[in-house]
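Since the structure comes first, as structure tokens, the remarks are kept for the end.
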Amino acid sequence: MSRVILFVVLFCFMSKAFGKTLSECELVRELRKHGFPENQLKDWVCLVNAESSRRTNVVGPPNSDGSHDYGLFQINDRYWCSATDKPGKGCNVRCKDLLLDDISKQAQCAKTVFGVHGFEAWYGWANKCKGRPLPALPC
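Now the structure itself:
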């Protein structure tokens, strides 16, 4: 019995460490919940698929300038989030908060980035979504 309890406890810690992979339906529900415009949802789903494969905890490899990208939307730490314990930069958020399964801060920051640069801020969107017919939403 104690082995089962130990396994369950370890599994809970490991699942937090590995983050969450959202299904496309979960992603669409989350985007709607956080107020993303319905007429942009296909682009946001394509963007998130291209940038993070719908994984909440992705930290991208170093960019050419040494910066990193965080979370579902792969938000850059050079301009938008603080790699320290104090919130800061354009989104006034800590980068580690962009890796949580609760995507509230990720969603707000993505909207901030979008407000400044549009979808062009994301290379994944520009390379895999822009100007292409996007599939219907799954839900």
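As numbered in mature numbering (1 follows the signal peptide of the UniProt record, and there is no 0), residues -19 to -1, 1 to 120 make up the sequence shown, in order.
Glycine residues also receive a C-beta, built at the ideal position from the N, C-alpha and C atoms.
At which residues does the alpha helix (DSSP H) containing residue i begin and terminate?
i      : result
Ala102 : Per DSSP, Ala102 belongs to no alpha helix (DSSP H) and is neither H nor E.
Glu32  : Leu22 to Ser33
What did DSSP end up calling residue i once you bin it into helix, strand or coil?
i           : result
Arg10       : helix
Gly112      : coil
Cys120      : coil
residue 176 : The structure shown does not extend to residue 176, since the chain is modelled only from -19 through 120, so no value can be given for it.
Thr65       : coil
When the Cα of residue i is compared with those of the options, which residue comes out closest?
i      : options                        : result
Asn108 : Asn20, Cys120, Pro68 and Asp24 : Asp24
Trp103 : Gln55, Leu22, Thr2 and Pro68   : Gln55
Ser4   : Gly112, Lys70, Ala64 and Val26 : Val26
Asp66  : Thr2, Arg113, Cys76 and Arg10  : Cys76
Val29  : Tyr51, Lys14, Asp46 and Gly69  : Tyr51
Thinking residue i and residue j are a contact (beta carbons under 8 Å), I'd like their distance in whole angstroms, please.
i      : j     : result
Cys110 : Ala31 : 6 Å
Lys86  : Val74 : 5 Å
Can residue i be considered in contact with the ligand HEM, in the sense that its beta carbon sits closer than 7 Å to one or more heavy atoms?
i     : result
Lys77 : Among the components of this structure there are no ligands whatsoever, and the ligand HEM is therefore not found.
At a cut of 8 Å, does the segment 74 to 90 reach the segment 39 to 53 through at least three beta carbon pairs? yes
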